[in-house]
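Going by my numbering, the first residue of the sequence shown is number 314, and it counts up by one from there.
We treat Cβ as the ideally placed atom computed from N, Cα and C, and that holds for glycine.
Since the model is a prediction, treat every value here as computed from it, not as a measurement.
Some notes on the structure that comes next.
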Amino acid sequence: MERPGHHILLLFLDGVGIGKKDYEWNPFFKYGFQTFEKIFGEIPHLENQFLTNGKIFLSPVDALMGIEGLPQSGTGQTSIFCGVKAPQIINQHFGPFPYSTLIPIIKEENIFKYFFDKEEKVTFANAYPQLFFDYINSGKKRLSVTTLSCNLNGMHLNGYDDVVAGNALTAEITNARWNKKLGYNLPIISAKLAAENLLNISYKNSFTAFEYFLTDHLGHGRYDEDTESTLKTLDEFLYTIFTQCDEEKLSIILCSDHGNVEDLSVKTHTTNPSLLITAGRKAKIISESISDLSDIKNAIIKNLC
Ligand SMILES: [Zn+2]
Numbered sequence: 314m315e316r317p318g319h320h321i322l323l324l325f326l327d328g329v330g331i332g333k334k335d336y337e338w339n340p341f342f343k344y345g346f347q348t349f350e351k352i353f354g355e356i357p358h359l360e361n362q363f364l365t366n367g368k369i370f371l372s373p374v375d376a377l378m379g380i381e382g383l384p385q386s387g388t389g390q391t392s393i394f395c396g397v398k399a400p401q402i403i404n405q406h407f408g409p410f411p412y413s414t415l416i417p418i419i420k421e422e423n424i425f426k427y428f429f430d431k432e433e434k435v436t437f438a439n440a441y442p443q444l445f446f447d448y449i450n451s452g453k454k455r456l457s458v459t460t461l462s463c464n465l466n467g468m469h470l471n472g473y474d475d476v477v478a479g480n481a482l483t484a485e486i487t488n489a490r491w492n493k494k495l496g497y498n499l500p501i502i503s504a505k506l507a508a509e510n511l512l513n514i515s516y517k518n519s520f521t522a523f524e525y526f527l528t529d530h531l532g533h534g535r536y537d538e539d540t541e542s543t544l545k546t547l548d549e550f551l552y553t554i555f556t557q558c559d560e561e562k563l564s565i566i567l568c569s570d571h572g573n574v575e576d577l578s579v580k581t582h583t584t585n586p587s588l589l590i591t592a593g594r595k596a597k598i599i600s601e602s603i604s605d606l607s608d609i610k611n612a613i614i615k616n617l618c
């Protein structure tokens with residue numbers, strides 16, 4: 314079933330919090346980030362966590378949910394995509410993959426299933442290389458929350474052919490890494506073109522999700538490419554999405570599961586609030602109704618469905 318007129322894009326960035334105004338260790342201050350500076354006129358930091366240009370809203374989200382320790386991806390992403398306080402369910406932060414107790418919850422409550430059950434068009438816009446399909450086919454199931462959700466729903470996971478057809482994006486946006494590290498021969502595309510592709514995919518679906526995890530890898534010091542140029546690619550991608558989207562047709566919710574890359578003085582996750590940006594229909598109400606990660610799914614459904 315097509316949804317007439319309105320579409321939802323959930324942009325998930327792994328490991329992006331609102332950190333200190335620190336020109337040495339916060340890369341958004343160190344290198345600049347036009348998505349913050351041009352849209353909001355400033356970069357968010359702990360003393361300035363709510364920004365808006367009147368149409369697009371940036372705010373902090375509690376990733377701890379009352380549980381001590383450093384927030385982790387498995388519980389954080391389960392909270393986002395399933396609308397539950399996952400760290401409270403297992404009384405700890407756990408990751409990077411979901412704790413086994415959470416898997417039945419993910420199977421029933423994941424946001425893809427909500428749209429899938431209503432027979433609306435839903436897509437997870439990331440593409441995976443053959444290596445990943447070989448891994449799944451070998452029976453291994455240590456998957457992230459998004460891929461596990463799709464797998465448990467029996468949804469199509471995109472591969473090489475979908476990237477070539479413009480129906481999916483590689484996780485690093487430009488395709489360069491698939492060619493360099495995995496031996497593919499994909500066209501190298503600009504971050505701007507990738508963003509336009511993602512907008513076009515979003516206009517064809519009721520609900521689209523895209524996951525970007527290099528921010529978390531950068532924060533852990535585990536990524537072998539240059540931090541500044543990697544973030545510049547992400548910035549161009551996000552800036553294009555937020556400035557070129559047709560807000561009458563598309564609502565955008567950008568969120569993250571925990572802090573990490575905003576403080577490069579440590580290689581671990583942080584306890585900083587995670588980043589939320591909302592645009593499009595009811596952007597202000599959605600922003601205001603999200604205080605912790607478990608509110609995101611419900612705010613989307615309540616306000617946009
Ligand atoms: Zn994470």
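| Item | Value |
| --- | --- |
| Residues in the same chain with beta-carbon distance under 7 Å from Ile614, minus the five sequence neighbours each way, listed in chain order, please. | Tyr427 |
| Using only Cβ atoms and a threshold of 6 Å, which residues come within that distance of a heavy atom of ligand 1? Order them by chain position. | Asp327, Gly328, Ser386, Gly389, Asp529, Asp570 and His571 |
| Taking 8 Å as the threshold, find out whether the region 420-439 comes into contact with the region 372-380 through three or more Cβ pairs. | no |
| Counting only runs that start and end within the region 449-532, where is the alpha helix (DSSP H) found for 4 or more residues in a row? | 458-466, 473-477, 489-495, 504-516 and 527-532 |
| Can you name the start and end residues of the alpha helix (DSSP H) that Ile598 belongs to? | Ala596 to Glu601 |
| Under 8 Å between C-beta atoms, does Ile331 make it to chain D? | In the structure shown, chain D cannot be found, because there is only a single protein chain. |
| Note down, in chain order, each residue of its chain lying with its Cβ closer than 8 Å to the Cβ of Glu337, except the 5 sequence neighbours on either side. | Lys343 and Ser578 |
| Taking Ala592 as part of the beta strand (DSSP E), name the residues at either end of that continuous run. | Ser587 to Ala592 |
| In angstroms with no decimal places, state the Cα-to-Cα distance between Ala596 and Arg455. | 34 Å |
| If you check the beta carbons only, do Thr528 and Leu326 fall under 8 Å apart? | yes |
| Span of the beta strand (DSSP E) holding Ile565? | Leu563 to Ser569 |
| Residues bridged to Ala440 by DSSP? | Asn471 |
| So, helix, strand or coil for Asp559, using DSSP? | coil |
| With distances taken Cα to Cα, identify the nearest neighbour of Ser587 among Asn573, Thr581, Lys580 and Ile599. | Asn573 |
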